[in-house]
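What follows is a single structure, written as structure tokens, with notes after it.
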Ligand code: COA
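Residue numbers (our numbering): 227 to 495.
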């Protein structure tokens, strides 16, 4: 592999965009180049109307081996300021840019997922894993702590006993266990991972883009708000949806179809 190899690959499958972390020889460990490239990629996809759902995966045998330990903890010639900036970017692209991305995101965990890779999974809205993928909060084995957004990600998605057991032991586990503890939605056979994930992505991509965006926003912010604030926020978002519909950004034919008896979403398939 040459230095010109892009650290992130982007591929479209109709309205679904597949973003691949592309440092397979380093098991997609997140270094400065990969972090900057993910920030650029997500900023581009945010404005791309052709992209309705984003799938994030890894090239080669790993999903993401966490932070690049050699680059982050080794000596380098960065100034203190540029190092601080990098550490901030390394966290923010996951917990802010990805978590609040205005389109649905799915982590497709194709292999090893360690350390910082956990928050990449958690910051996506949904996750599908190869059932044989290996996961681990291995920081404790390096006499370290889960860095950046990982602790908050674990607190957000896992039950306290599971989060602490994994963080305090660093025990590795597989995709089926990840499904049992709710870290991923489903664990499937490796040869079905892509088809299964794309089927889910296309099912979601067929929904109304504005309704998807606001559904996600209402959920994400509700988790941080009390009931009254959440209801007020939801009401404001309902008005925003009406405004987007009036603007031609979204369509309200579905409600008209329901009123006319042409649409019954709860009917058996
Ligand atoms: N940071 C920097 N480099 C990493 C890395 C990381 N987090 N994870 C893997 N690599 C590098 C290895 O050093 C090796 O580089 P080299 O070829 O220059 O020696 C290369 O990726 C391949 O790793 P290898 O261990 O040979 O691959 P594997 O397929 O046998 O095992 C892992 C894959 C992910 C299980 C193993 O590399 C591993 O345990 N990595 C550490 C993961 C981790 O604990 N991350 C949390 C960080 S706090």
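Virtual Cβ for every residue (Gly too), placed ideally from N, Cα, C.
Note: residue 237 is bridge-paired with 244 in the DSSP secondary-structure output.
In the displayed model, residue 360 falls within a strand according to three-state DSSP.
Every unbroken stretch of the alpha helix (DSSP H) spanning 4 or more residues and falling wholly within the region 360 to 421 is given here in chain order: 376 to 383, 386 to 395, 401 to 406. According to DSSP, residue pairing for residue 284 in a beta bridge involves 247.
Scanning its chain for C-beta atoms nearer than 6 Å, with the 5 sequence neighbours on each side dropped, one finds around residue 312 the residues 258, in chain order.
When the Cα atoms are used, residue 399 and residue 296 turn out to be separated by approximately 24 Å. At a threshold of 8 Å, residue 287 counts as near the ligand COA, since its beta carbon sits closer than that to one of the ligand's heavy atoms. Taking a C-beta distance under 9 Å as the contact criterion, residue 235 and residue 285 qualify as a contact pair. These are the residues, in chain order, with a beta carbon less than 5 Å from any non-hydrogen atom of the ligand COA: 252, 253, 255, 291, 292, 294, 295, 296, 338, 340, 341, 364, 365. Around the CB of residue 341, 16 or more other CB atoms lie within 10 Å, so the residue is classed as buried. For residue 339, the secondary structure class from DSSP, reduced to helix, strand or coil, is strand. Residue 458: member of the alpha helix (DSSP H) spanning 453 to 472, first to last residue.
Residue 363 and residue 488 have their C-alpha atoms spaced approximately 50 Å apart. In terms of CA proximity to residue 422, 334 leads the group 441, 329, 334. When the Cα atoms are used, residue 482 and residue 436 turn out to be separated by approximately 17 Å.
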